[in-house]
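Q:
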Amino acid sequence: MGQRSTPQQIPVVVLAGFLGSGKTTLLNHLLHRSGGSRIGAVVNDFGSIEIDAMAVAGALGDSTVSLGNGCLCCAVDASELDGYLARLARPEAGIDVIVIEASGLAEPQELVRMLLASEQPGIVYGGLVEVIDAAEFDDTRARHPEIDRHLALADLVVVNKTDRATDAERVLGLVHSLVDGAAVVPATYGRIDPEFLYDCRPSEERVGQLSFDDLHDHSEGGAQADHLHAAYDTLSFVSGVPLDPRRLMRFLDSRPEGLYRIKGYVDFGPYDPRNRYAVHAVGRFLRFYPEPWTPAGAAGASGAPEAGRTQLVLIGSGIDAAALGEELDACRRDADAPPADEHGMWGVLRYVANGEEPPDGPGPV
Numbered sequence: 200m201g202q203r204s205t206p207q208q209i210p211v212v213v214l215a216g217f218l219g220s221g222k223t224t225l226l227n228h229l230l231h232r233s234g235g236s237r238i239g240a241v242v243n244d245f246g247s248i249e250i251d252a253m254a255v256a257g258a259l260g261d262s263t264v265s266l267g268n269g270c271l272c273c274a275v276d277a278s279e280l281d282g283y284l285a286r287l288a289r290p291e292a293g294i295d296v297i298v299i300e301a302s303g304l305a306e307p308q309e310l311v312r313m314l315l316a317s318e319q320p321g322i323v324y325g326g327l328v329e330v331i332d333a334a335e336f337d338d339t340r341a342r343h344p345e346i347d348r349h350l351a352l353a354d355l356v357v358v359n360k361t362d363r364a365t366d367a368e369r370v371l372g373l374v375h376s377l378v379d380g381a382a383v384v385p386a387t388y389g390r391i392d393p394e395f396l397y398d399c400r401p402s403e404e405r406v407g408q409l410s411f412d413d414l415h416d417h418s419e420g421g422a423q424a425d426h427l428h429a430a431y432d433t434l435s436f437v438s439g440v441p442l443d444p445r446r447l448m449r450f451l452d453s454r455p456e457g458l459y460r461i462k463g464y465v466d467f468g469p470y471d472p473r474n475r476y477a478v479h480a481v482g483r484f485l486r487f488y489p490e491p492w493t494p495a496g497a498a499g500a501s502g503a504p505e506a507g508r509t510q511l512v513l514i515g516s517g518i519d520a521a522a523l524g525e526e527l528d529a530c531r532r533d534a535d536a537p538p539a540d541e542h543g544m545w546g547v548l549r550y551v552a553n554g555e556e557p558p559d560g561p562g563p564v
């Protein structure tokens, strides 16, 4: 769910869930499928993390800090977290995303509050992921009723171990009824596409990693059927006409539950002619990041569009791509629209990450 708001800021994703839900398995999966991205991991569960996919030497034990390979294993408390994040966010560490794997008995809301209140300029909160064990979900709720509150705070819920649940569809339906607009993704062995959580750095060494180009070009059958995204639908939207910020916010506020992720760049035309807006949404989590336009004729390292061009990718399951495309078409600014007014961007600016204050919950919804 994380995307950098500036080249200096690193998204920090909180990975939560009760003991045995599969958090470490999911984190291992991300490390093995990191492609060209470098993941910094903050872990306050006991145990080791397999990181052979990152091609580093040595094992990471409890309370061991290793900035050379981009991972951190430690016992985290409120007084230490900012210091650890600052060390991981140093430019020489080369970290692209930080994942905090919370203890199985941790209170995720407190970790989120700590991140939102962080004074570290090199990091930005990237969302809360809650992992649940589909086979044990009913028993877990009986023992830990607070899980309902955790689910209501989450931005992405991974319903893990669906292969072991005798009634996985019922569990998925129950989870959907408990979340507050979060994306709900079924999984086995924690295998979810890393692109659901953060932007992966393109790399020639990318092994098994899915880029958004891969997602655009998926075809019927063949090797693509084995890819993690095979069960999902994608929509690519491109517009040379600026989008109206009010219309786009109405679209984003009403996005369907099955729409897991939205990413890309938006041109708001006269409302902010100097900047494009990177948009990143997963479930209820939404952020905009203003960035100066790339000069015409230079795509830039990020692959961002040239000035005056909107490019968005939408990923979901069971979504009506044609209908969503029509809704986005309706967000285009009319040629005879009145001049841009000073209030038009207010809805967008509510979700701009820079300088945001800690809210009562995990972030704007």
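Numbering (our numbering), first residue to last: 200 to 564. Cβ coordinates follow ideal geometry from the N, Cα and C atoms, glycine included.
(1) Figure out for me which residue from E309, L327, R312 has the closest Cα to the Cα of V298.
(2) Taking only the alpha-carbon atoms, compute the straight-line gap between A334 and D379 and give it to the nearest angstrom.
(3) Are the beta-carbon atoms of V437 and Q319 separated by less than 7 angstroms?
(4) Which one of E306, I322, S317, G321 has the shortest CA to CA distance from D347?
(5) What are the start and end residues of each continuous beta strand (DSSP E) run of 3 or more residues lying completely inside the segment 333 to 373, in chain order?
(6) Counting C-beta neighbours from all protein chains within 10 Å, is the total for S233 16 or more, i.e. buried, or is it exposed?
(7) Quick check on the DSSP output: the alpha helix (DSSP H) that includes P307 runs from which residue to which?
(8) Which word fits G216, buried or exposed, when buried means at least 16 other C-beta atoms lie within 10 angstroms of its C-beta?
(9) Please name the residue or residues paired with K462 in a DSSP beta bridge.
(10) Residue range of the alpha helix (DSSP H) that E526 falls in?
(11) Output the distance between the C-alpha atoms of L310 and N227, rounded to the nearest integer angstrom.
(12) Counting C-beta neighbours from all protein chains within 10 Å, is the total for Y324 16 or more, i.e. buried, or is it exposed?
(13) Taking I391 as the reference, give the member of I514, D533, Y550 with the closest Cα.
(14) For Y470, does the count of other Cβ atoms within 10 angstroms reach 16, so buried, or fall short, so exposed?
(15) If the criterion is Cβ atoms closer than 7 angstroms, does the pair D354 and A381 meet it?
(16) Got a sec? Which residues, its chain only, sit under 6 angstroms from A386 by beta carbon, not counting five neighbours each side?
(17) Closer than 6 angstroms by C-beta to L485: which residues in its own chain qualify, once you throw out the five before and the five after it? Chain order, please.
(18) Out of G321, R454, H343, H542, point me to the one whose CA is closest to R445's CA.
(19) Taking a contact to mean a Cβ-Cβ separation below 7 angstroms, would you say Y459 touches A477 in this structure?
(20) From the DSSP secondary-structure annotation, give me the bridge partner or partners of S435.
(21) What residues in its chain sit with their C-beta under 6 angstroms from that of E555, if we drop five residues either side in the sequence?
A: According to the structure shown:
(1) For the purposes of this step, residue 298 is taken as the residue at position 99 of the sequence shown. The residue with the shortest Cα to Cα distance from V298 is L327.
(2) Residue numbering aside, residue 334 sits at position 135 when the sequence shown is read from its first letter. Residue numbering aside, residue 379 sits at position 180 when the sequence shown is read from its first letter. C-alpha separation (whole angstroms): 22 angstroms.
(3) Here residue 437 corresponds to residue number 238 of the sequence shown, with the count starting at 1. Here residue 319 corresponds to residue number 120 of the sequence shown, with the count starting at 1. Using a Cβ distance threshold of 7 angstroms, V437 and Q319 do not count as a contacting pair.
(4) Here the question's residue 347 lines up with position 148 in the sequence shown. Nearest C-alpha to D347: E306.
(5) Taking only runs of at least 3 residues, the beta strand (DSSP E) segments lying wholly in the segment 333 to 373 are 355 to 359.
(6) Numbered from 1 along the sequence shown, position 34 holds the residue referred to as residue 233. Buried, since its Cβ has 16 or more Cβ neighbours within 10 Å.
(7) Position 108 of the sequence shown holds residue 307. 307 to 315 is the span of the alpha helix (DSSP H), which, as asked, contains P307.
(8) As a first step, residue 216 must be located in the sequence shown, where it is residue number 17. Its Cβ being crowded by 16 or more others within 10 Å, G216 is buried.
(9) Residue 462 sits at position 263 when you count from the first residue of the sequence shown. DSSP, once it has assigned bridges, lists H479, V512 as partnering K462.
(10) In the sequence shown, the residue the question calls residue 526 occupies position 327. Per DSSP, E526 belongs to the alpha helix (DSSP H) from 520 to 528.
(11) Numbered from its first residue, the sequence shown carries residue 310 at position 111. Numbered from its first residue, the sequence shown carries residue 227 at position 28. Cα-Cα distance, rounded: 21 angstroms.
(12) If you number the sequence shown from 1, residue 324 lands on position 125. Counting Cβ neighbours within 10 Å, Y324 comes out buried, since at least 16 surround it.
(13) Looking up residue 391 in the sequence shown gives position 192. Measuring from the Cα of I391, the nearest candidate turns out to be I514.
(14) The count along the sequence shown starts at 1 and reaches residue 470 at position 271. Buried.
(15) In the sequence shown, counting from the first residue as 1, residue 354 sits at position 155. In the sequence shown, counting from the first residue as 1, residue 381 sits at position 182. Taking 7 angstroms as the Cβ cut-off, D354 and A381 qualify as a contacting pair.
(16) The residue labelled residue 386 in the question sits at position 187 within the sequence shown. Hits under 6 angstroms: V357, N359.
(17) In the sequence shown, counting from the first residue as 1, residue 485 sits at position 286. Hits under 6 angstroms: Y550.
(18) As a first step, residue 445 is located in the sequence shown; it is residue number 246 there, counting from the start. The shortest C-alpha separation from R445 is found at H542.
(19) Counting from 1 along the sequence shown, the entry for residue 459 is found at position 260. Counting from 1 along the sequence shown, the entry for residue 477 is found at position 278. At the C-beta level, Y459 and A477 stay beyond 7 angstroms of one another.
(20) As a first step, residue 435 is located in the sequence shown; it is residue number 236 there, counting from the start. Answer is V512.
(21) Walking along the sequence shown from the start, residue 555 turns up at place 356. Confidence is the limiting factor: at E555 the pLDDT is only 42, short of 50, which leaves the residue's position unreliable, though a coordinate-based value still follows. Excluding sequence neighbours, E555 sits near nothing in its chain.
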